[in-house]
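Residue numbers (this note's numbering): 63 to 171. The structure under discussion appears below in the form of structure tokens.
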Amino acid sequence: MSPAVLRTNGFFSPEGCGIIYLSERARTRIEPTLVGWISVETPWDFDDYEQNWKANALAWETGTGGSSLFYGMEQSLKILNEIGAEKIQIYLEELTDKLCELLLSKIIS
């Protein structure tokens, strides 16, 4: 089983940098909501305001990406891979438990 849609909000990357995956089935059912110059079939035809979306993932490209941000994302993915998602999950669960205990102690006292 594979996801129809997978969206990341950066993986500890610079703000505004992320990844979206849409399965072929999802791409046929979900339309982009914003138009970017590269998201249409003939981006250089500036007089055609009724263009079709590109048939690939570029249909969701809303503008020129901040390419320098992707270097930051690359490094964050390397760190994520080195540490391991499972260790990060365990750590976040421990932090969440501590936060819940602290909040509960403040409510009770």
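Think of the CB as a built atom: it goes at the ideal place given N, C-alpha and C, for glycine as much as any other residue. Model, not experiment: these values are computed from the prediction.
Residues near residue i by beta carbon distance below 8 angstroms, same chain, minus five either side
i, result
"E97", "The residue you asked about is not Glu; residue 97 is Val in the sequence shown. For V97, where only same-chain residues beyond five positions count, the Cβ hits under 8 angstroms are T124."
Helix, strand or coil at residue i [DSSP, three-state]
i, result
"W115", "strand"
"M63", "Reliability of the predicted coordinates at M63 is poor, the pLDDT of 47 falling under 50, and the value obtained from them is presented with this limitation in mind. Three-state result, M63: coil."
"G81", "Here the sequence assigns Ile to residue 81, which means Gly is not the residue at that position. Strand at I81."
Residue range of the beta strand (DSSP E) that includes residue i
i, result
"L165", "Note, L165: premise wrong, no beta strand (DSSP E); alpha helix (DSSP H) at 147 to 170."
Other residues of its chain near residue i: CB distance less than 7 angstroms, five sequence neighbours each side excluded
i, result
"L120", "I100, S101"
"D110", "T104"
Whole-Å CB distance - residue i paired with residue j, under 8 angstroms assumed
i, j, result
"S75", "G134", "6 angstroms"
"E144", "W115", "Contact doesn't hold; Cβ gap of about 38 angstroms is too wide."
The alpha helix (DSSP H) enclosing residue i, as first and last residue numbers
i, result
"E86", "86 to 91"
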